[in-house]
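Presented below is the structure to which this report refers.
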Amino acid sequence: MFKNILVPIDGSPLSRRAVDCAVGLAKQQRARVTGLWVGPAWEPNLYAYGDSAPPGFVSRKQHAARVKSAGARHLRAVAKAAAAAGVRCKCTCVEGAFPYLEIINAARRHSCDLIVMASHSRRGISRLLLGSQTSKVLALADIPVLVCR
Amino acid sequence: MFKRILVPTDGSAPSRRAIKRAVQFAREQKARVHGFYVGPPWQLPVYSEYVPPEVISPKAHAAAVKKTAARYLGAVKKAARAAGVRCSVRYVLGAHPYDEIVKEARRRRCDLIAIASHGRRGISRLLLGSETSKVLAHSGIPVLVCR
Chain A
307 MFKNILVPID GSPLSRRAVD CAVGLAKQQR ARVTGLWVGP AWEPNLYAYG
357 DSAPPGFVSR KQHAARVKSA GARHLRAVAK AAAAAGVRCK CTCVEGAFPY
407 LEIINAARRH SCDLIVMASH SRRGISRLLL GSQTSKVLAL ADIPVLVCR
Chain B
270 MFKRILVPTD GSAPSRRAIK RAVQFAREQK ARVHGFYVGP PWQLPVYSEY
320 VPPEVISPKA HAAAVKKTAA RYLGAVKKAA RAAGVRCSVR YVLGAHPYDE
370 IVKEARRRRC DLIAIASHGR RGISRLLLGS ETSKVLAHSG IPVLVCR
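These protein sequences, in sequence, are chains A and B. Heads up: the first sequence runs through residues 307 to 455, numbered per the working numbering. Heads up: the second sequence runs through residues 270 to 416, numbered per the working numbering.
Next comes the structure, spelled out in structure tokens:
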């Protein structure tokens, strides 16, 4: 029924549970798993345009490299789980200020037919609240979303 | 992976689509489905001086809900039978459908709730249905939100 399952992660324990859920499901459905990690967007520093760069200034290139390495670290968990279950897996990491938009875009770009994500993650304070990104994905996605607890 | 899938329905078109998807999913998972409908509770009429002729007695209300439930849950049964999926159905009366749904999931030891993104009251594609978002908030098990 599902061919390509998108798993957006942020590296939190709950999102690891979502990864397990997605990989288990993909194994059973003989589906592929697409891991996604969304890093923060690069923000220009107002003070960096004078003569000298302020200490701690990160250029766009450096930022991209950092996002890439952080993404690779987080996505390794997906690749590992998929390999252990014998599920085909592709991992991508993107930069974006609005993770939910990146998730929706990635689902479209990779023609995924299911999104498996945690109910909340890093910013979730209460069990009774849905995560902000999750609820936005739920509102905007045009494919089914499996919300893991 | 999932053994018992709870399929709450309100008979609306999105929820009929969710039933279809849930049953198909259950067939692949070799799971069973449990159709569930929450009817509105009988309400005490607030007239004191006289009883208007169209007032519905609790008995008549229960009969009407039973009939509606049979129709809505019949769709679940029919879809399950066509797909060869084991199926049970139940309906209750309750003012807060999400509460009944979460409780039923616990009572029946379901491990997944397959629900439409919105039902009768969903007007906009950009909004999640009120009961669906409450189920998402209160459920202790994964929820599959169908479009």
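Where is the CB? At the ideal position from N, CA and C, for every residue including glycine. Please read all numbers here as calculations on a predicted model, not as lab measurements.
On the DSSP bridge assignment, give the partners of residue i in chain order.
i: THR292 (chain A); result: Residue 292 (chain A) is absent from the structure shown; chain A starts at 307 and stops at 455.
i: ARG336 (chain A); result: DSSP, once it has assigned bridges, lists no residue as partnering ARG336 (chain A).
i: ALA424 (chain A); result: A:CYS454
i: PHE404 (chain A); result: Note: PHE404 (chain A) sits in no beta bridge, so no partner.
i: ALA447 (chain A); result: Note: ALA447 (chain A) sits in no beta bridge, so no partner.
i: ILE370 (chain B); result: Looking at the DSSP assignment, ILE370 (chain B) forms no beta bridge with any residue, so it has no partner.
i: ALA282 (chain B); result: DSSP, once it has assigned bridges, lists no residue as partnering ALA282 (chain B).
In chain order, what residues of the same chain have a beta carbon less than 6 Å from the beta carbon of residue i, not counting five sequence neighbours either side?
i: TYR341 (chain B); result: THR278, GLY280, TYR306
i: LEU405 (chain B); result: VAL412
i: ASP448 (chain A); result: none
i: TYR406 (chain A); result: GLN439, LYS442, VAL443
i: CYS454 (chain A); result: ARG323, ALA324, CYS327, ALA424
i: PRO314 (chain A); result: LEU342, ILE409, MET423
i: GLU401 (chain A); result: GLY345, ALA347, VAL373
i: LEU452 (chain A); result: VAL422
Leaving out the 5 sequence neighbours to the left and right, which residues in its chain are closer than 8 Å to residue i when beta-carbon positions are compared?
i: ARG378 (chain B); result: ARG273
i: LYS243 (chain B); result: This structure leaves residue 243 (chain B) out entirely; chain B is present only between 270 and 416.
i: MET417 (chain B); result: What the structure shows of chain B is the stretch from 270 to 416, and residue 417 (chain B) is not part of that stretch, so it cannot be assessed.
Can you list, in chain order, the residues of its chain with a C-beta nearer than 7 Å to that of residue i? Leave out the 5 residues immediately preceding and following it.
i: VAL292 (chain B); result: VAL302, ALA348, ALA349, ALA352, VAL354
i: PRO450 (chain A); result: LEU420
i: ALA332 (chain A); result: ILE311, ARG338, VAL339, VAL393
i: ALA413 (chain A); result: LEU312, ILE421, ALA447, ILE449
i: GLY317 (chain A); result: HIS380
i: MET307 (chain A); result: GLN335
i: VAL329 (chain A); result: VAL339, ALA387, ALA388, ALA391, VAL393
i: GLY388 (chain B); result: ASP279, SER281, PRO283, SER284, GLY398, GLU400
Among the candidates the options, whose CA atom is the shortest distance from the CA of residue i?
i: HIS407 (chain B); options: B:GLY304, B:PRO314, B:ILE370; result: B:ILE370
i: HIS426 (chain A); options: A:LEU312, A:ILE311, A:ALA324; result: A:ALA324
i: VAL378 (chain A); options: A:GLY345, A:ILE410, A:ALA359, A:GLU408; result: Note that residue 378 (chain A) corresponds to Ala in the displayed sequence, not to Val. That would be A:GLY345, whose Cα lies nearest to the Cα of ALA378 (chain A).
i: GLY308 (chain B); options: B:VAL334, B:SER357, B:ALA287, B:ARG389; result: B:VAL334
i: MET423 (chain A); options: A:PHE308, A:SER321, A:LYS309, A:PHE404; result: A:SER321
i: LYS372 (chain B); options: B:GLU297, B:PHE271, B:LEU275; result: B:LEU275
i: ALA370 (chain A); options: A:LEU436, A:TRP348, A:ALA328; result: A:TRP348
i: ARG376 (chain B); options: B:HIS365, B:ILE410, B:SER402; result: B:ILE410
i: PRO310 (chain B); options: B:ALA374, B:CYS415, B:VAL361, B:GLU297; result: B:VAL361
i: ASP368 (chain B); options: B:LEU397, B:THR401, B:SER386, B:GLY388; result: B:THR401
i: ASP326 (chain A); options: A:LEU342, A:GLU401, A:ALA383; result: A:ALA383
i: GLN312 (chain B); options: B:LYS328, B:ALA300, B:ASP380; result: B:LYS328
i: ALA385 (chain A); options: A:GLN368, A:CYS397, A:ASN411; result: A:CYS397
Check residue i in the structure and name its three-state DSSP category.
i: CYS454 (chain A); result: strand
i: TYR319 (chain B); result: coil
i: ASN411 (chain A); result: helix
i: SER326 (chain B); result: coil
i: VAL414 (chain B); result: strand
i: SER357 (chain B); result: strand
i: ILE274 (chain B); result: strand
i: VAL393 (chain A); result: coil
i: GLY304 (chain B); result: strand
i: LEU312 (chain A); result: strand
i: ALA406 (chain B); result: helix
i: LEU362 (chain B); result: strand
i: LEU465 (chain A); result: For residue 465 (chain A) there is no data in the structure shown, the boundaries of chain A being 307 and 455.
i: VAL359 (chain A); result: Checking the displayed sequence, the identity of residue 359 (chain A) turns out to be Ala instead of Val. ALA359 (chain A): coil per DSSP, three-state reduction.
i: ALA383 (chain B); result: strand
i: ARG389 (chain B); result: coil
i: PRO314 (chain B); result: coil
i: PRO350 (chain A); result: coil
i: LEU320 (chain A); result: helix
i: ARG366 (chain A); result: helix
request  = Check each residue of the stretch 276-298 of chain B: if its Cβ is closer than 8 Å to any Cβ of chain A, include it; give the result in chain order.
outcome  = ARG290, GLN293, PHE294, GLU297, GLN298
query = Got a sec: which bits of the stretch 327-340 of chain A sit with their beta carbon under 7 Å from any beta carbon on chain B, in order along the chain?
reply = CYS327, GLY330, LEU331, GLN334, GLN335
ask   = In the stretch 348-369 of chain B, which residues sit with their C-beta less than 7 Å from some C-beta in chain A, listed in chain order?
value = none
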